[in-house]
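Numbering (our numbering), first residue to last: 142 to 347.
In structure tokens form, the structure reads like this:
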């Protein structure tokens, strides 16, 4: 299995992607296959000037030409939990003694409710999957990890040259990602944070 594919059958996350284990931030699959995942930010290409777009296109072409392996891009969409966020804001109001601050909190909550009224707010998170495979079953894992990390560094530097933030997922984050991805009905929606509000106002959510 080269790419990570989602099965339609209702079986465990581990069985759906044939996961053997997660070790040192690397997903270990059958047939001597491995995956490392980088979470990355996005760029709003349409908001760039024509000159900036030309630079991005050239930079992206250079990035593709420098890749040491084929990549997979994973986009994860989750519903933002507005109610939990508003409840936290309301709770903070209880600690305020000044009437004006309490009124500002109420106005802010009303503003957020009106902003999202009748709409589901969905956040997008972007991941780059780096694959690796070898034919020697007895190959030492440290050597495998070294090669994967070399590929990781090349990809991560390339993304950062494009002006994107890139962060490698650790083992716990990998498990959380795949559990949530394959068990959407069993997880709570994403908590709304201040950064999410800012991106919402900038129309970066759908």
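The C-beta atom is built at its ideal place from N, Cα and C for all residues, glycine as well. Quantities reported herein were computed from a predicted structural model and do not represent experimental measurements.
With a contact defined as Cβ atoms closer than 8 angstroms, residue 278 and residue 177 miss out at about 20 angstroms. Of the residues 315, 160, 287, 259, the one whose Cα lies closest to the Cα of residue 268 is 315. In the three-state reduction of the DSSP assignment, residue 307 falls in the strand class.
The three-state reading of DSSP puts residue 219 in strand, counting E and B together. By the CB criterion at 8 angstroms, residue 262 and residue 218 fall outside the cutoff. Beta-bridge partners of residue 268 (DSSP): 180, 215.
Here residue 256 is exposed. Its C-beta has fewer than 16 other C-beta atoms within 10 Å. Around residue 182, the same chain offers 305, 306 as residues with beta carbons nearer than 6 angstroms, after the five sequence neighbours per side are excluded. In this model, residue 299 and residue 204 are separated by some 6 angstroms (Cα to Cα). When 236, 173, 265, 207 are compared, the shortest CA-CA separation from residue 274 is found for 173. The shortest CA-to-CA distance from residue 310 to any of 188, 184, 297 is the one to 297.
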